[in-house]
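In mature numbering (1 follows the signal peptide of the UniProt record, and there is no 0), the protein residues as written are -28 to -1, 1 to 332. Note that the Cβ used here is the ideal one computed from N, Cα and C, for glycine as well.
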């Protein structure tokens, strides 16, 4: 679910596995480990200890969203590690794409945030097997240009459908974030229980938002440019959009305390069942990104939390407060967690969102 910056989107031709595989390897380095990821996560500051041990970064291949990634892997694309988010882990596992993790090989496994690890059917299954190492977590939230938008006008997520913002709105070209916004807007915090009537209400809300859309953003670079360049004044965006825009000097702020709240997601790494290369190096990579020192980079430079609780405890309190992680419970109480939805509902969301974007 999470593209950070420097979009290196690949275009995979689905006419053959070999063609797809060749197109996918966008950043080639250590050929013994292939990581299928969101662009931006190839940042060496996330895996410096992997480089120290192995002499180079892994080879990275990139995807634009998790449904795209799922179809590519299911069609035969080979990789060792993948980076899905909370709403997709069950789908990937049930499709037989993954193999269990050997947690004895993951340094700091026991340091992972207890609240995240307790989430049902996410990191582990009832039989005790581990399938997913949570790593980064954050929010999709109302983000606005404070020079052009009065905060009193964005107290509610319904602002996205307010005609006063016609032509000045952007939300992600991402079905999960779109329906998270719509679910919150209609007062639904648990989208796994969405009824047919609530689905219609949420879709109708997105149709109203569509009337105000200037552009559907595709990654952080895209939305930062839209916000910083003054093309849009109001966005539904990830934490790093605010961090990067503000770092560039733009008057962009996020608002976590709208009447309806925010959406929260957790992303992490999985080991593919048919991992073709060096599994030992896969664990070297997991250990490198799970290092507590990485939290300082992830929080300060990207605005995300690290799932390693020991890492978060080591981040300067002033930085945690600045990024909104000093009192997590304060906003967890008013959040929609992007947990897996039933497959039939997810397919409905995908089909309806395509119609909405097309103006139907």
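**Report entry** Coil, strand or helix - residue 209 by DSSP
**Finding:** Residue 209 falls in the strand class under three-state DSSP.
Query - DSSP three-state assignment for residue 214, whether helix, strand or coil - result: Here residue 214 sits in helix by DSSP.
Query raised in the report: CA-CA distance, residue 269 and residue 228?
Result: Rounded to whole angstroms, residue 269 to residue 228 spans 22 Å at the Cα level.
Query raised in the report: Near residue 253, what residues of its chain come up, given a Cβ to Cβ distance below 6 Å and the 5 sequence neighbours on each side ignored?
Result: Result list for residue 253: 4 and 5, in chain order.
Query raised in the report: Does the distance from the CB of residue 210 to the CB of residue 307 come in under 9 Å?
Result: Note that the C-beta distance between residue 210 and residue 307 is not below 9 Å.
Report task. Report yes if the C-beta distance between residue 70 and residue 242 is below 9 Å; otherwise report no. Result -> Their beta carbons are under 9 Å apart, which means residue 70 touches residue 242 by this criterion.
Query raised in the report: Are there three or more Cβ pairs, one per stretch, closer than 8 Å when the segment 310 to 322 is compared with the segment 145 to 154?
Result: Yes: at least three Cβ pairs fall under 8 Å.
Query raised in the report: Under the three-state reduction of DSSP, which class applies to residue 347: helix, strand or coil?
Result: In the structure as shown, the chain starts at -28 and stops at 332, and residue 347 therefore has no counterpart that could be examined.
Report task. Assign residue 176 to one of three DSSP states: helix, strand, or coil. Result -> Residue state, collapsed to three classes: helix.
Query raised in the report: Around the Cβ of residue 332, are there at least 16 other Cβ atoms within 10 angstroms (buried) or fewer (exposed)?
Result: Residue 332 sits exposed, since fewer than 16 C-beta atoms from the chains shown fall within 10 Å of its C-beta.
Requested in this report: Give the single residue among 18, 280, 246 and 291 whose Cα lies nearest to the Cα of residue 67.
Outcome: Comparing Cα-Cα distances from residue 67 to each of 18, 280, 246 and 291, the minimum goes to 246.
Report task. Could you pull the start and end residues of the beta strand (DSSP E) that residue 240 belongs to? Result -> Residues 234 to 244.
Query raised in the report: Taking residue 32 as the reference, which of 21, 12 and 272 has the closest Cα?
Result: Among 21, 12 and 272, the Cα nearest to that of residue 32 is on 12.
Query - At least 3 beta-carbon pairs within less than 8 Å: the segment 96 to 112 vs the segment 184 to 201 - result: Three or more Cβ pairs closer than 8 Å define a contact, and the segment 96 to 112 falls short of that threshold against the segment 184 to 201.
Query - Whole-number beta carbon distance between residue 29 and residue 43, since they are thought to touch under 8 Å - result: Incorrect: roughly 26 Å between the Cβ atoms, too far for contact.
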